[in-house]
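Q:
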Amino acid sequence: MFEPKIVCFLCKWCTYAGADLAGTSRLEYAPNGVNIRIMCSSRVDPEHILWAFDRGADGVFVGGCHPGDCHYQDGNYKTLRRIELFQRVLKQFGLENGRLRLEWVSAAEGRKFAQLMDEFTEQIRALGPIKLGSRKGGQDGGSTKKEETS
Amino acid sequence: MKLPYYPGCTLKDRTSQLETTALACAEKLDVQLEEMPNWTCCGGVYPVSETKIVNLVAPFRILKEVQEAGDDKLVTICDFCYNVLKRTNLIIREDSVKRTRLNLFLSDDDRRWAASGRRVGEGQEYDGGVKVLHYLEMLRDELGFEAVAAAVSKPLEDLKIAPYYGCNLLRPPLEMDLDDPEDPRIMEDFLGSMGAQVVEFPYRIECCGSFLSLSSPQIARRLCHTILESARKNGADAIMLSCPMCFYNLEQKQSEFARHFPGFRPMPVFFFSQLLALALGLDPASLGFERNFADPVPLLKEKHLV
Amino acid sequence: MKRIGVFVCGCGINIAKTVDVKKVVEEIGHYPGVVYATDYQYMCSDPGQKMIQEAIEREHLDGIIVAACSPTLHEFTFRRASEAVGLNPYQCEIANIREQCSWVHQDKEIATAKAIKITKSIIEKERLNDSLSPISVFMTRRALVIGGGIAGIQAALDIADSGYEVILVEKEPSIGGHMAQLSETFPTLDCSQCILTPKMVEISHHPKIKLLAYSEVVNVGGYVGNFNVKILKKPRYVKEDLCNNCGECFKVCPVVVPNEFERGLGSRYAIYIPFPQAVPSICTIDADACLGLFPLACNKCKEVCEPNAVDYDMKPEIIEETVGAIVVATGYDLLPSEELKEYGNGRNPDIIDGLHFERLLSASGPTQGVIRRPSDGKVPKEVVFVQCAGSRDPEKHLPYCSKFCCMYTAKHALLYKHRVPDGQPYIFYIDVRTAGKGYEEFYHRVSEQEGVVYLRGKVSKIFQDGDGLMVWGVDTLTGKKVEITADMVVLATGAVPAEGSKKLFANLKLACDENGFLSEAHPKLRPVESLTPGFFLAGAAQGPRDIPETVAQAGGAASKVIGMFSQEMLLHDPIVAVVDENLCSGCKICISACPYDAREFDEEKNIVRVNELLCEGCGACVAACPSGATQQQNITDDQIREMVKVVLGE
Amino acid sequence: MRTEISARKVKGEFLHQVEELSGQSVWACYQCGCCSSGCPIAEEMDLLPNQVIRYVQLGMEEELLASKTIWLCVSCFQCFARCPRGIDISKIMDALRQMAMAGGVDRFGPGEIPSAELARAPQQALVTVVRKLGA
Ligand SMILES: Cc1cc2nc3c(=O)[nH]c(=O)nc-3n(C[C@H](O)[C@H](O)[C@H](O)COP(=O)(O)OP(=O)(O)OC[C@H]3O[C@@H](n4cnc5c(N)ncnc54)[C@H](O)[C@@H]3O)c2cc1C
Ligand SMILES: Cc1cc2nc3c(=O)[nH]c(=O)nc-3n(C[C@H](O)[C@H](O)[C@H](O)COP(=O)(O)OP(=O)(O)OC[C@H]3O[C@@H](n4cnc5c(N)ncnc54)[C@H](O)[C@@H]3O)c2cc1C
Ligand code: SF4
Ligand code: SF4
Ligand code: SF4
Ligand code: SF4
Ligand code: SF4
Ligand code: SF4
Ligand code: SF4
Ligand code: SF4
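Residue numbers (our numbering), protein chains in the order written: chain A, 1 to 150; chain B, 151 to 456; chain C, 457 to 1106; chain D, 1107 to 1241.
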């Protein structure tokens, strides 16, 4: 079975703490993601995401605080805007939008984090490995939460 | 100034004095009100049901014709027409789904008209661009009450008038957006420009009972009696209003009041346009006072206005 | 190359059960740069820490990684241990292989592989870590308190009593705020002046407090610990140090105007003291009312002033002060009655608001505490109180609940009943909110024993009807539309941020909520701090609140200030943003990304600089910078790139 | 008899339909009663306007469709103008009338207008009453 490689950028105050809570609650979830702790989701530069895809990631997950809860006032709004814009760029690279996912997970949402990890892994699994052919005009695979809301 | 004008059905018949005086005054004030051709009934009430979009077609067609004739404003006189047209216009402007549906509706309609050989619409989308004006609003915003004041030849100096707004002119406030819904000034300022004495009374924005005068007459009667008595208590000689429905309830129905309210004394009720005509020096005999139940002429005589 | 040591913790079996700790050590042991790797059962225990310290010294380690539980738990522990043996604490990093690995996976092989990846990624980060030290900032141990209501007074006294200097700025001629206007206070009915006046006097005598009344803060520069404040002292035209409050000048002043303190129900002269207990107790000339200062038209007050305190030539003065912390306590005002058009539009003298009524109730008020209605001085026998006047009305007025009006209305009805025993009070309410100690009991007393009639429904309209006021309401409990002909109506108008505070908050760059009240850093856990470091909040400026809550919060704000001042130095996390001057193109994109105004443009060099005291280290600017000129300390783009690589298995 | 309250009623089709027809969010109402205190007709109504909203919230369809109130509201918009939650109650009244009429109630036809009135009432009043109260 295809085991996707996933890089997760988690903000220190909310999502990383949510991931910790999933641990203290002993919630088992898919092991495919490896977390990188940053101070705020707004630290994520689209370039980081590109690096990840370039180095063989099949999916990238960005986790931040819920809107209004950002430790740095409005960092997560900046992230939201950047990621939304960047989804379009990804498309041009032939990468499905479903490969990049932005989610709000609070420090109390350990369960949500675990579920998201499972869900996202499945989502990427369904998309399959990044094919070279798909780098041009590849069709849209998987839907992201973001797409539904925007 | 030339503006298209929508009369509505009531003004052509039961309250034609409202139209004739308003048009005569406009002429005096150098405003050419041109009755739009092919107008139809606006529907009388704004269809508040969200689903019955078909009821919006009539006012929509009226507004669309204005735009097609190359105009961007439309003057109305009757409060009900004003309410219906203004709110329809707003919904066209703000609700794109309704806008599209109404436009589609009328494109069919155009074809039907074409088949009947009457008139072909340009098939152009109507976007709500027409500004619907009440006659009073036209005086205030287009002409200016100063201009009205300047044209007054017979100031209504001793006349103590209580302006009455009723419901449709001001409400719903956000949609009508004519004046402050709780403390309107437009009628007061209008009266002021004619030199009349304004009597403010607490019932000026209370409803007269509207169509209940037909379905539950006793309720409308009670409401109107309270309104008239309050105006009187506050020192008014007469009431001024702008709506044919209010006129019917507050004036015409006074004929029954004595029977229900012992000791009731009739009170003159004017259309705003009748007072304006007086102030502009038009012939008092031409103002349609003979249609009133409560004859205003003795009062006007007393104040040396006829 | 750095000499890195790795310490893998088994956490009893918490980690060891799913992660093959030995295997991790073995793999990592061969990883480039790692000169020492070992495992231990309980790394955070004393022996564990000792082991790490010994290894640091023995192996001359420049950096260590503890692969264990979440950094949230023990990062501090291990950094402190490292520091104790001379390793810079920022050279100690934690790889989270428990919460984010061993506890969430079952398969030992997979978990072990993941633990290795996690640890390697942290090694890559550590490799590029700089040795940092917390940014320590010199701090001025002096506080500024803006607003001299009960909130500001309490905060100033608490800070000053701890021995720190305080500058208290009040825009009105006297401190006291709204509490000074109140008669008696719920729920205990103690006299407001009696409990407030001693505090006001204390302010005026306190050796550590500098009171600047009739003054306003016009500008604040600098940052936490070192704010430069410009204060405008408005001219009183009376010398503060000379006026002895003898009152001779009032006797001769020919100008009588409504007194703001009495909400216009009483009058004062052009030279005046707003109320007898005012602090500072000195006169002020109201230049707008005075017959003429320029050119001098009257001169009467100056002639009679024995100590020669009157000085018509007084000029506005700008005072500059340096302070370390600022408490904002600018309070509230009531929504102007003119906004409530359906309730008389502010034009009917007998439809008054709660503060008017407080003045009517006050023994020192314009009627000496006798309830007389403003229009004709008649004692009103039927009085209607209208709650939620403008509050809880998102459509037309204020969306929020003003919090103290249910209680003050109950108090008003009760005090009215005490003053006019044969009078009848009615209260229209939507809900009665009495969440406070003794509040519910107070409400019961009012509704049960004092004969106050509560009617549940929102009043629709109030108007003059003959001699009386017609109040149209409803009693939803009986389902009846009701009307009351009242002699007087008291509106419990909602509270809004104090006049002028919008401008002030914008000036101070303080975040406000959508209603204009100050925003706290966290609604539950940091309720007395602003998001902007160094600013603290007290009282109704943050949202409507009553006196007990205001005083508690003011004390909280003061203790935060005191806590800050009691530190030796202000310490600031050094993971701030830095700019490489050679790379920065001066495009300024980063400036707008920064939520803390920490980035400023250097005109001369055409680059942007970071004020590391203001930078909170969010990294938003780094992501925004198109040229890579700005980086975040120890979370640089290079570090992230290397981490990403390792995570993906290179 | 006690009035039953259940999820079936408070989340039921009826409430949904009222919201659909009126475009108003019924649960926005917090029962302040302001609509009733200002309604010029309220004293003639068997249910006050705020009670109408409450009955809708609780899904009390039968009681509502049998009430006099819905035939007495004249769409004067006074309630709407002052409702702190911006609810256009007249639209809800219209929706209820529509539903009552769909249920077979034909409240008012031109035939019921006395001929004397027919002869002198303004057209606008005739049109309105029929459109508001007739099918
Ligand atoms: C009618 C009424 C009755 C009440 N009764 C009670 C009661 O019985 N019990 C109770 O507990 N609470 C009562 N309250 C509430 C009480 O008034 C407040 O809790 C209290 O006043 C809040 O204090 P504060 O210092 O935060 O604000 P304020 O009293 O408003 O003080 C703020 C101060 O800051 C000053 N200021 C404003 N802006 C600036 C500026 N830009 N620069 C400098 N200074 C500025 C103001 O002049 C004022 O002196 C009542 C309120 C009302 C309206
Ligand atoms: C169902 C419920 C829901 C709530 N939801 C919210 C909410 O959503 N938001 C909100 O702001 N608030 C909420 N609260 C209120 C919140 O719980 C309290 O405000 C808060 O817990 C108070 O904290 P405390 O430290 O004063 O008291 P507590 O939480 O009661 O802590 C007191 C501590 O003291 C210890 N203790 C007691 N006696 C002794 C003794 N003799 N010696 C030593 N230790 C002792 C206790 O064991 C306890 O650990 C809720 C309350 C309840 C009941
Ligand atoms: S350092 Fe963390 S993982 Fe290790 S024993 Fe202590 S608590 Fe457990
Ligand atoms: S200004 Fe002079 S006269 Fe007036 S109170 Fe002060 S000291 Fe007395
Ligand atoms: S100079 Fe001004 S303040 Fe002094 S007495 Fe004359 S009017 Fe009053
Ligand atoms: S405290 Fe009471 S009166 Fe004041 S807004 Fe809230 S509910 Fe209304
Ligand atoms: S890291 Fe954040 S706070 Fe610091 S300068 Fe950059 S944007 Fe501003
Ligand atoms: S975004 Fe980068 S290049 Fe532009 S001004 Fe800021 S630091 Fe310099
Ligand atoms: S006024 Fe509005 S919120 Fe109040 S009871 Fe009526 S519908 Fe409900
Ligand atoms: S619209 Fe209907 S319910 Fe509302 S105030 Fe008018 S008559 Fe009453």
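Backbone N, C-alpha and C fix where the C-beta goes; we use that ideal spot for every residue, glycine too.
1. So, does the CB of residue 1237 of chain D fall closer than 8 Å to a CB anywhere in chain C?
2. Using a Cβ-Cβ distance under 8 Å, would residue 1103 of chain C count as near chain A?
3. For residue 279 of chain B, list the residues DSSP reports as bridge partners.
4. Out of C:797, C:490, C:893 and C:803, point me to the one whose CA is closest to residue 853 of chain C's CA.
5. Kindly confirm or deny that the region 406-423 of chain B and the region 380-397 of chain B touch, where touching means at least three C-beta pairs closer than 8 Å.
6. In its own chain, which residues sit with a C-beta less than 7 Å from the C-beta of residue 977 of chain C, not counting the 5 before and 5 after it?
7. So with CB distances below 7 Å, who are the chain D contacts of residue 398 of chain B?
8. Please list, in chain order, the chain D residues whose beta carbon lies closer than 8 Å to that of residue 360 of chain B.
9. Checking contacts by CB at 8 Å: is residue 81 of chain A closer than that to chain C?
10. Of the choices B:366, B:393, B:335 and B:156, whose alpha-carbon is the least far from that of residue 1220 of chain D?
11. Within its chain, find whatever has a CB closer than 7 Å to the CB of residue 805 of chain C; leave out the 5 residues flanking it on each side and keep chain order.
12. Is the Cβ of residue 1154 of chain D closer than 8 Å to any Cβ of chain B?
13. Could you name the residues of the region 747-772 of chain C whose beta carbon sits closer than 8 Å to any beta carbon of chain B, in the order they occur along the chain?
14. Beta carbons nearer than 9 Å to chain D: which residues of the region 789-807 of chain C have them?
15. Are three or more beta carbon pairs between the region 1185-1197 of chain D and the region 370-378 of chain B nearer than 8 Å?
16. So, does the CB of residue 1130 of chain D fall closer than 8 Å to a CB anywhere in chain C?
17. If you reduce the DSSP assignment to three classes, tell me which class residue 1227 of chain D lands in.
18. Our contact map puts residue 577 of chain C next to residue 1103 of chain C with C-beta atoms below 8 Å; I'd like the distance itself, whole angstroms only.
19. Can you give me the start and stop residues for the beta strand (DSSP E) that residue 101 of chain A sits inside?
20. Compute the beta-carbon to beta-carbon distance between residue 18 of chain A and residue 122 of chain A, rounded to the nearest angstrom, for a pair I have assumed lies under 8 Å.
21. Are the CB atoms of residue 934 of chain C and residue 838 of chain C within a distance shorter than 8 Å?
22. Would residue 1187 of chain D pass as an interface residue toward chain B - the criterion being a Cβ-Cβ separation below 8 Å?
23. Less than 8 Å separating the beta-carbons of residue 305 of chain B and residue 342 of chain B?
24. Determine whether the beta carbon atoms of residue 844 of chain C and residue 1014 of chain C lie at a separation below 8 Å.
25. Residues of chain B with a CB under 9 Å from the CB of residue 594 of chain C: which are they?
26. Quick check on residue 230 of chain B - is its C-beta less than 8 Å from some C-beta in chain D?
27. Under a Cβ-count criterion, where at least 16 other Cβ atoms within 10 Å of its own Cβ denotes burial, should residue 650 of chain C be classed as buried or exposed?
28. Under DSSP, the alpha helix (DSSP H) around residue 1185 of chain D begins and ends at which residues?
29. Within 7 Å: the Cβ of residue 980 of chain C and any heavy atom of ligand 2?
30. Would DSSP call residue 39 of chain A helix, strand or coil?
31. Rounded to the nearest angstrom, what separates residue 945 of chain C and residue 1151 of chain D at their Cα positions?
32. Residue 1177 of chain D lies in the alpha helix (DSSP H); which residues open and close that run?
33. Residue 465 of chain C bridges to which residues according to DSSP?
34. Are there any heavy atoms of ligand 7 lying less than 7 Å away from the beta-carbon of residue 1088 of chain C, as far as the coordinates show?
35. So, using beta-carbon positions, are residue 791 of chain C and residue 927 of chain C closer together than 8 Å?
A: Short version:
1. no
2. yes
3. Bridge partners of residue 279 of chain B: none, in fact.
4. C:797
5. yes
6. 985, 986 and 987
7. 1227, 1228 and 1231
8. The contacting residues are 1180, 1181, 1182, 1231 and 1234.
9. So no, residue 81 of chain A is outside the interface.
10. Among B:366, B:393, B:335 and B:156, the Cα nearest to that of residue 1220 of chain D is on B:366.
11. 830 and 831
12. no
13. none
14. 798
15. no
16. no
17. coil
18. 5 Å
19. 100-104
20. At roughly 19 Å, the Cβ-Cβ gap does not stay under 8 Å, so residue 18 of chain A and residue 122 of chain A are not in contact.
21. no
22. Chain B places a beta carbon closer than 8 Å to that of residue 1187 of chain D, counting this residue as a contact.
23. Pairing residue 305 of chain B with residue 342 of chain B gives a Cβ-Cβ distance that is not under 8 Å.
24. no
25. Result: empty, since nearest Cβ-Cβ is about 56 Å, beyond 9 Å.
26. yes
27. exposed
28. 1184-1188
29. yes
30. Looking at residue 39 of chain A - three-state DSSP - the assignment turns out to be coil, as it is neither helix nor strand.
31. 28 Å
32. 1175-1178
33. In DSSP, residue 465 of chain C forms a bridge with C:496.
34. It does: the Cβ of residue 1088 of chain C is within 7 Å (strictly closer) of some heavy atom of ligand 7.
35. no
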